[in-house]
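First up is the structure itself, then whatever we jot down about it.
Residue numbers (UniProt numbering): 1 to 410.
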């Protein structure tokens, strides 16, 4: 059997088949499926790289298995669309085509979703009439230009906002009824990767258009809540920071963190990756791989690192170094030192650059407590005195001259 190549980019289309993610998501799936009365909205909080998408896909698989209609939308993928909210509506109407066909022309939302020209309508209204927004009459006129005569009469006495609220609720009711009364679950992923105004468009739409009385819908949004609050604060600069928190709470009924893997689970994953990279053992001094995995887990825990992406970057860095620069001085000593420095490169790139420049300046520097400790910043990773002390201690353990060439290869 051909061994699986150790370097790979995670495939998002396979993540929903991840048994571990499904198991992590099962408690929330049970809660949403049996204990929540729609309309309702949940935000899943986590820093970038902590596994929000993986968790959301596990939750999606659980809810689909429980019989819920499920719609997945990634605003980041559509960010270059002329209008993000129209992209959402168009994609949603395509998903719900069997039900829109059943409801027929009484469902004006279908006509709204296919309107092409002048598609900034929602952005003009859902935020409550910010600067440069047209009034509802002008918006209604824009809409009427895009409809066939068959829709014109029905639009005569309806505002655009009213149409969207009413028909979105009507469509979610039809979807829920087709699934034995189980509400529609809409997933929004990567919202915190969008430009601030685009992200706020979606939050505004959720609050003002979709989370309305009668809608049989639960929104589940993967978002770093601190980033979202910064977006809100950037728009409402003159209001106190507490406003951003209150705004966020108006949109989301519940905020939950991404469930964190336990220390044993993470150490197991590290070991599995190391065994894939190094089937013949650690490439430097003969250190058992379980000991290397334990060292890295200890370092990650002490630095409060929860990001799987950072972990993968460190491990990929070790593997690539072993293939491209096997004679690098880092492989001649304690593996923990190499792991520490690669983690430093991920978390504190400015300090790492200083580290490299010092080595270049001194040509052949013996890294020791004096050489590095004086340069340790007191922010970011090094806000913690415990981490600063640990870094000072580990830097004093270098037992060989560390050349500029060694650092440059990192």
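Backbone N, C-alpha and C fix where the C-beta goes; we use that ideal spot for every residue, glycine too.
| Check | Outcome |
| --- | --- |
| Delimiting residues of the alpha helix (DSSP H) encompassing residue 225 | 225-235 |
| Residue 287 versus 197, 165, 271, 266, residue with shortest Cα-Cα distance | 271 |
| Cβ shell of residue 225 (< 7 Å), same chain only, five flanking positions each side left out | 43, 45, 248, 255 |
| CB-CB length for residue 260 against residue 306, believed under 8 Å | 6 Å |
| Residue nearest to residue 251 in terms of C-alpha spacing, selected from 56, 169, 199 | 199 |
| 8 Å CB neighbourhood of residue 290 in its chain, flanking five on each side removed | 271 |
| Segment contact flag, the stretch 274-281 with the stretch 306-320, C-beta cutoff 8 Å, min 3 pairs | yes |
| Contacts around residue 193, its chain only, beta-carbon distance under 7 Å, and the 5 residues preceding and following it disregarded | 76 |
| Close Cβ partners of residue 245 (< 7 Å) along its chain, the five nearest in sequence each way excluded | 229 |
| Sub-8 Å separation of residue 99 and residue 215 beta-carbons | no |
| Proximal residues to residue 47 (C-beta, below 8 Å), its chain only, five neighbours per side dropped | 224, 306, 307 |
| C-alpha distance - residue 237 paired with residue 204, whole-angstrom precision | 17 Å |
| Member of 49, 185, 212 whose CA lies at the smallest distance from the CA of residue 169 | 212 |
| Length-filtered (4 minimum) alpha helix (DSSP H) runs lying within the stretch 210-294 | 225-235, 241-251, 263-277 |
| Segment limits, beta strand (DSSP E) that includes residue 322 | First-last for residue 322: 308-324, but that is the alpha helix (DSSP H), not the beta strand (DSSP E). |
| Per-residue burial, residue 182 [other beta carbons within 10 Å of its own, 16 or more giving buried] | buried |
| Residue 36, enclosing beta strand (DSSP E) - first and last residue | Here residue 36 belongs to no beta strand (DSSP E), and DSSP marks it neither H nor E. |
| Three-state secondary structure (DSSP) of residue 195 | coil |
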